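**Q** Please read through the structure below; I'll follow up with questions.
4 protein chains.
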Amino acid sequence: MNDAVNLADFELRAESLLPKGVWDFIAGGSGDETTLAANRAALDAVALLPRVLAGSGGADTGSQLLKCEASLPVAAAPMAYQRLVHPDGELALAAAARDIGIPYVASVLSSATIEEITEVGAVTWFQLYWLRDRSQVDAMVARAEAAGCQVLMVTVDVPVLGRRLRDVRNAFRLPAEVVAANLVSGGFSTAHSNPLRGESAIAAHTQEIFASALGWADLEWLRERTTLPLVVKGILDPRDAVRAVETGADAVVVSNHGGRQLDGAAASAAALPAIVDAVGSRCEVLLDSGIRSGTDVLRALALGASGVLLGRPLLWGLAVDGAHGAHQVLSLLLSELRDALTLAGCANPAAARTLAVL
Amino acid sequence: MNDAVNLADFELRAESLLPKGVWDFIAGGSGDETTLAANRAALDAVALLPRVLAGSGGADTGSQLLKCEASLPVAAAPMAYQRLVHPDGELALAAAARDIGIPYVASVLSSATIEEITEVGAVTWFQLYWLRDRSQVDAMVARAEAAGCQVLMVTVDVPVLGRRLRDVRNAFRLPAEVVAANLVSGGFSTAHSNPLRGESAIAAHTQEIFASALGWADLEWLRERTTLPLVVKGILDPRDAVRAVETGADAVVVSNHGGRQLDGAAASAAALPAIVDAVGSRCEVLLDSGIRSGTDVLRALALGASGVLLGRPLLWGLAVDGAHGAHQVLSLLLSELRDALTLAGCANPAAARTLAVL
Amino acid sequence: MNDAVNLADFELRAESLLPKGVWDFIAGGSGDETTLAANRAALDAVALLPRVLAGSGGADTGSQLLKCEASLPVAAAPMAYQRLVHPDGELALAAAARDIGIPYVASVLSSATIEEITEVGAVTWFQLYWLRDRSQVDAMVARAEAAGCQVLMVTVDVPVLGRRLRDVRNAFRLPAEVVAANLVSGGFSTAHSNPLRGESAIAAHTQEIFASALGWADLEWLRERTTLPLVVKGILDPRDAVRAVETGADAVVVSNHGGRQLDGAAASAAALPAIVDAVGSRCEVLLDSGIRSGTDVLRALALGASGVLLGRPLLWGLAVDGAHGAHQVLSLLLSELRDALTLAGCANPAAARTLAVL
Amino acid sequence: MNDAVNLADFELRAESLLPKGVWDFIAGGSGDETTLAANRAALDAVALLPRVLAGSGGADTGSQLLKCEASLPVAAAPMAYQRLVHPDGELALAAAARDIGIPYVASVLSSATIEEITEVGAVTWFQLYWLRDRSQVDAMVARAEAAGCQVLMVTVDVPVLGRRLRDVRNAFRLPAEVVAANLVSGGFSTAHSNPLRGESAIAAHTQEIFASALGWADLEWLRERTTLPLVVKGILDPRDAVRAVETGADAVVVSNHGGRQLDGAAASAAALPAIVDAVGSRCEVLLDSGIRSGTDVLRALALGASGVLLGRPLLWGLAVDGAHGAHQVLSLLLSELRDALTLAGCANPAAARTLAVL
């Protein structure tokens, strides 16, 4: 897609290419999509005060995220079932991440196995939903470690799937060729049964295989279980951020799951500053939910984030042109961020944390 | 209505089914409907900070309201003339409340008698507009007590009916078969005469049978008159909440009557926090006006409410499919609230009061 | 107009009846009409906390304004050339004011003479623009006093006419039969010459006959000149309100001239509270600009105003049906205010000043 | 254009006359044009409290900017390539500035040479983008001094060109007859090569000839280099304003380059007050970005600015009718400002700084 000038151009193209059910699955939020909209509004409201005469010239976007080198302070967000939008799925997105030089966060619900994904050669992080018993979790962590994953990210905002009404209206279910590949060998049902009328097959399947009563003791167990850096994803209340750090987390992701879990939850950018205040000196703080441009990344940095996770825009690129499309999205974002940093007088992402916002 | 995914789906269906005059009567607010709109805007503006890793799994929505068990912290709001939207009227709504397990608040202006309603077997509360002299009030309270009502709710925000312009434009009047059934035996005129041009028959009838100069001394008298728990409905100013508690109220309902009385009154959700601060430790504080989802219930709880009254959505369900439709509405709301609590890391409604809001 | 349920109904009818040039002259504001819109937005933003159980029943709207009895705390705002919208012009509006029982403020730029207007029998106040020399002002004050005017109101926000672009685009000029009747005998040009392209004849005429360099010394002179109560109209800055009181003003009108003078000026309702704080204990504070309903009057009272001036809606009524139409507007406003006060638990306008606003 | 009543009328006409690519080049902002829109919103939000009875009559708009006399506190903003919109380009705009009596800021990227421009006879200031080495800068400054420029303005917010997506989509390039005339004799490439797909030729050319790593040491060098008053344009953070003053700047321009550089930057009017607080007593503070009326100039003055730069509206006038059109724009703005000052009770621009804003 040679004529794209921003990430939104990929969005329009992807929507025109994908079946409605798939598009709605990736684009939609939960409930009235209040939180989905709030994510954008909160980012748009961050008015930056750029610095001048910084003497730095073109900025360097290079960063470290959880001690992994990254060509920009962005990681590919964990997203389930990437083969829904393109046959190459996770392998293509991982390749794009590898080629641009950012971490790829592989979802436990990938439609390729973690072993296939790490084979691509990106810096790979493994994202975990908590399965119904610890032995399963243990096995998945072991596989991730063995496959060479460098960071373990546990998602804590899905005790139950959010009420994603588009999926319910569409009676959305995975096509037969898209399965939770990691779980095939674990004795899980991986195929979706036909959903009942008024039910989302994704929600039903989630309910079936995930533990919903996850607690801090589980996190403590996991912290003991692995030496990998541990990231807790899905935190909005500073009290939980503090508890996560006290439990040994190396980073938290301030996130409302892209507006897909609790509708009515605060915008992640609105929740970020208090969390940075609470734990920013003790761990890395990442942000997701709503990032659509280099300016958005700069906004997140100015609010105190160490970096961001990029989600939907990567699926747009993947849908449009596989690994190449996803790489174009990342390449465009890198250019935008480099320009935004340069225009803000920041030599690098770290310098952006000193920017003032109105 | 098997394809409804939220309460708004019932609204659309009900609007398509009901005569315009009836629809406008239940949907409309007073004046320019500023307050009607503000109710929604204030709820939408409540941004929640959910908690994670609470270890509680799926939440329990069970509550107590005025010491009555409730399967969710919701009571069916008192609404006049429910036979306007369905022949089964109050009896159907009471049955839905009974089946889901929440209190049904019977309006003094019901189109079925309080005795018929309590016969249905729901936990029934009785709502009183103050009639023109105390002997009438006395008689109505006696009937409510005798019929087994467990709570007495007195509405204090109708010294005169709000200027509901839709009803005036429609020259709305009750059809002959819908009467104020409780008042038939009380010597009241229950039929509406033909309204004058530019007049609402409902407003004229209200003016005719209600006392408009109700004062605190009347409330004191009522407090002496009955041993039932007493709820004062229609309070927005904390000074009045304090006075109500001092007069012996067991609960107040923060309400602007669904935007149907003083246009320009504050949104009830905007008025709630100051009232919780003023009297929350001394009595229960309920909220109504604008609740449309489980997230809204959670918002009310997070702002400090003990529970909410649900009004118009029950009429939508009733209009669509009688008792079954109303039950579907409540069942959907219960599911939404259970999910919202679970997603917010709250084991039960009481836990929601510790949530932070932005 | 028997089917009007609010003042906006008169607006729609009036717009359909009047020539576009006349409609634009009365409806328009200056510049981009930012202030015109802000007036409404500021009133709409005043969220009231009504009181309950006040024991007062139906409210009494009766008031005193500058020691004149008024059936509601409203005076008919001074507006030039009322014959533009109806042949009966000022005489009809004064009759409507007389019949409902409120003061009528006669503009020096009336299309009937002050003597003709006072003949109607309303409580009449006289509004003065400062003419080019003091002898003319002196003569006009003498005529007003002789004609029985009870209050003198001097408008101080027209050192030059606002840039009313609708009038410029329309090259608006008064029709031949509408003249500044008071000025005929004063040797003024009262007919408008043909405006130049891109000019408003009203603005040119204003420039020709008014003094633009009015200062506090002039106000002092006027204060000495007459024993009538003196009202200074067009104040937005509290420092000017203080100065006006110190100069002997009995009241100030917080006003931006209906958004017709400085575009970009603050909404009058937004400016009101600071002025009430500054001078509310020492003089009456009136409000104009944007009042469209009884709720708006209540809002003004709750913000601390003693009363309001009503402008455009009276012209709507006048345009629709002469004195009868204007009386309908006032009668409707009185009903709305009575209901709003009653619903807010206020026995009378004075009680409204204790209402809290959010 | 005899029927124009405000600057927006010129905008509409200009848009209808210019080729889309040229229109987009002058009208557009960078990125999502968030900052472009914020500039207007911030000005619209400045609610003024005019003063009355100031005794001053019609205001005098005369000012001094950097010790240059100006008939209103406005200078023609530096804008590149003015021949894009009219063959007379800079010479016409300079003539309009001369005739109305305000400074004309000649851009280093003018399509006429600085010598041709100063020949017109306006008070001319010279605006500098920092060229790739100091000898070029030195030479340009020498030429500006020799040509009689009275002020030197250095733009510091273009370390790289903002991502102006309209230009990228249009593959915008200068027509052959429009060149950077000052640079022809300096050995620069002045013609644009054909842009690559997805690239703006303007951006590529900027990158080629400008230094991007400008620092405070460079500004110190420039301060030593010339005795001309020095203005630093493009400051939003008060810390940079302080540094500029400490480096010897005589004025700063609070600007986001008309929303054309960092999208997401704060509105200039929103950033202004903190900068006035920081350096207003030590240097002049000018504002640009979004000024469209006399009220906007008044707003800027009330917020503490000494004056403003006017950009796009001059190009509209130029496009519509060359020097005459630009003069009409300035003449209209002067009238608007005179009226706005008069209506605000300000005898002159300096008095406007005492106005209060809400």
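Residue numbers (my numbering), protein chains in the order written: chain A, 1 to 358; chain B, 359 to 716; chain C, 717 to 1074; chain D, 1075 to 1432. Beta carbons are placed, not taken as given, at the ideal position from N, Cα and C, and that holds for glycine. A quick note: this is a predicted structure, and the numbers were derived from the prediction, not measured.
Ends of the beta strand (DSSP E) at C/Gln780?
**A** Here the beta strand (DSSP E) through C/Gln780 covers Ser779 to Leu781.
**Q** Taking DSSP as the reference, what is the three-state secondary structure of D/Leu1149?
**A** Per the sequence presented here, residue 1149 of chain D reads as Ala, with Leu not at that position. Strand at D/Ala1149.
**Q** Note down the Cα distance separating A/Glu116 from A/Leu91, rounded to an integer number of angstroms.
**A** Cα to Cα, the separation comes out at about 7 Å.
**Q** Run through chain F and tell me which residues come within less than 7 Å of D/Arg1237, C-beta to C-beta.
**A** Of the protein chains in this structure, namely A, B, C and D, none is chain F.
**Q** For a quick check, are the C-beta atoms of D/Ala1341 and D/Ala1151 less than 7 Å apart?
**A** No.
**Q** Determine the direct distance from the alpha carbon of C/Gln843 to that of C/Val1001, and round the result to whole angstroms.
**A** C-alpha separation (whole angstroms): 16 Å.
**Q** What's the gap between the Cα of B/Ile633 and the Cα of B/Pro596?
**A** Cα to Cα, the separation comes out at about 5 Å.
**Q** In this structure, how does DSSP classify A/Phe172 when only helix, strand and coil are distinguished?
**A** A/Phe172: coil per DSSP, three-state reduction.
**Q** Below 8 Å on C-beta distance, what does D/Trp1295 contact in chain A?
**A** The premise fails here: D/Trp1295 is roughly 12 Å from chain A at the closest Cβ pair, so nothing lies under 8 Å.
**Q** Less than 8 Å between the CB atoms is what I'm expecting for C/Ser827 and C/Arg799, so what's the real figure, rounded?
**A** Indeed, because the Cβ distance is near 4 Å, the residues count as touching under 8 Å.
**Q** Over what stretch of residues does the beta strand (DSSP E) that includes D/Ile1365 continue unbroken?
**A** That residue, D/Ile1365, is in no beta strand (DSSP E); it is neither H nor E in DSSP.
**Q** Select from B/Asp576, B/Val478, B/Ser465 and B/Cys641 the residue whose C-alpha is nearest the C-alpha of B/Ala453.
**A** Checked all of B/Asp576, B/Val478, B/Ser465 and B/Cys641; the closest Cα to B/Ala453 is B/Val478.
**Q** Is the beta carbon of B/Leu676 sitting closer than 7 Å to the one on B/Leu451?
**A** Contact: yes.
**Q** Quick check for students: name the residue ranges of the beta strand (DSSP E) that lie wholly in the segment 926-977 of chain C, counting only runs of 3 or more.
**A** As far as the segment 926-977 of chain C is concerned, its whole beta strand (DSSP E) runs of at least 3 residues are 946-951 and 967-970.
**Q** Going by DSSP, name the residue or residues bridged to C/Met869.
**A** Bridge partners of C/Met869: C/Gln843 and C/Val947.
**Q** Taking all protein chains shown into account, do 16 or more other C-beta atoms lie within 10 angstroms of the C-beta of A/Val34, making it buried, or fewer, making it exposed?
**A** The question names Val, but residue 34 of chain A is Thr in the sequence shown. It counts as buried.
**Q** What's the call for D/Thr1301, buried or exposed, on a 16-neighbour Cβ count within 10 Å?
**A** Exposed.
**Q** Quick one: measure Cβ to Cβ for D/Gly1236 and D/Leu1336, integer angstroms, because I've assumed they're closer than 8 Å.
**A** Indeed they touch by this definition, with Cβ atoms about 6 Å apart.
**Q** Can you give me the start and stop residues for the beta strand (DSSP E) that A/Tyr307 sits inside?
**A** A small correction: the amino acid at residue 307 of chain A is Gly; Tyr does not occupy that position in the sequence shown. Run containing A/Gly307: Gly307 to Leu310, per the beta strand (DSSP E) assignment.
**Q** Take every Cβ of the segment 1-19 of chain A, pair it with every Cβ of the segment 308-316 of chain A, and state whether three or more of those distances are shorter than 8 Å.
**A** Output reads yes: the segment 308-316 of chain A touches the segment 1-19 of chain A.
**Q** Kindly indicate which three-state DSSP category D/Ala1376 falls into: helix, strand or coil?
**A** D/Ala1376: helix per DSSP, three-state reduction.
**Q** Which residues of the segment 390-409 of chain B have a Cβ closer than 8 Å to any Cβ of chain A? Give them in chain order.
**A** The segment 390-409 of chain B vs chain A, Cβ under 8 Å: Asp402, Val404, Ala405, Leu406, Leu407, Pro408 and Arg409.
**Q** Once the 5 residues before and after B/Leu370 are set aside, which same chain residues still bring their CB inside 8 Å of it?
**A** Here the set comprises nothing.
**Q** If you draw a straight line from the C-alpha of C/Gly950 to the C-alpha of D/Arg1386, how long is it?
**A** Spanning the two alpha carbons is a distance of roughly 35 Å.
**Q** Return helix, strand or coil for C/Val801, following the three-state DSSP convention.
**A** Looking at C/Val801 - three-state DSSP - the assignment turns out to be coil, as it is neither helix nor strand.
**Q** Please list the partners that A/Ala350 has in chain D, where partner means a Cβ-to-Cβ separation under 8 Å.
**A** Under the 8 Å cutoff, chain D gives no residues; its nearest Cβ is about 18 Å from A/Ala350.
**Q** Could you spell out the range, first to last residue, of the beta strand (DSSP E) harbouring D/Ser1342?
**A** It is not in any beta strand (DSSP E) - D/Ser1342 instead sits in the alpha helix (DSSP H) that spans Ser1342 to Val1353.
**Q** Anything in chain C within Cβ reach of B/Pro517, meaning under 7 Å, just list it in chain order.
**A** Those within 7 Å of B/Pro517 in chain C are Gly773, Thr1058 and Leu1059.
**Q** What's the gap between the Cα of D/Ile1283 and the Cα of A/Gly345?
**A** In a straight line, the C-alpha of D/Ile1283 is about 19 Å away from that of A/Gly345.
**Q** Relative to the C-alpha of A/Leu287, which candidate in A/Val22, A/Asn182 and A/Ala75 has its C-alpha closest?
**A** If we check each option's Cα against that of A/Leu287, A/Ala75 comes out closest.
**Q** Find the nearest neighbour of C/Asp922 within the set C/Leu935, C/Val895 and C/Gly774, judged by alpha-carbon distance.
**A** Correcting the residue type first, residue 922 of chain C is Thr in the shown sequence and not Asp. Checking every option, the nearest Cα to that of C/Thr922 belongs to C/Val895.
**Q** Less than 7 Å between the beta carbons of C/Ala929 and C/Leu952, yes or no?
**A** Taking 7 Å as the Cβ cut-off, C/Ala929 and C/Leu952 do not qualify as a contacting pair.
**Q** Output the distance between the C-alpha atoms of A/Leu230 and A/Tyr104, rounded to the nearest integer angstrom.
**A** The alpha-carbon atoms of A/Leu230 and A/Tyr104 are separated by roughly 15 Å.
**Q** Hey, A/Ala352 and A/Ala302: beta-carbon distance below 7 Å or not?
**A** Yes.
**Q** Tell me which residues of the segment 584-618 of chain B have at least one Cβ-Cβ distance to chain C shorter than 7 Å, keeping chain order.
**A** Answer set for the segment 584-618 of chain B: Gly592, Ile593, Leu594, Asp595 and Asp598.
**Q** Return the CA-CA distance between A/Ala356 and B/Ser613, expressed in angstroms with no decimal places.
**A** Between A/Ala356 and B/Ser613, the C-alpha separation is close to 41 Å.
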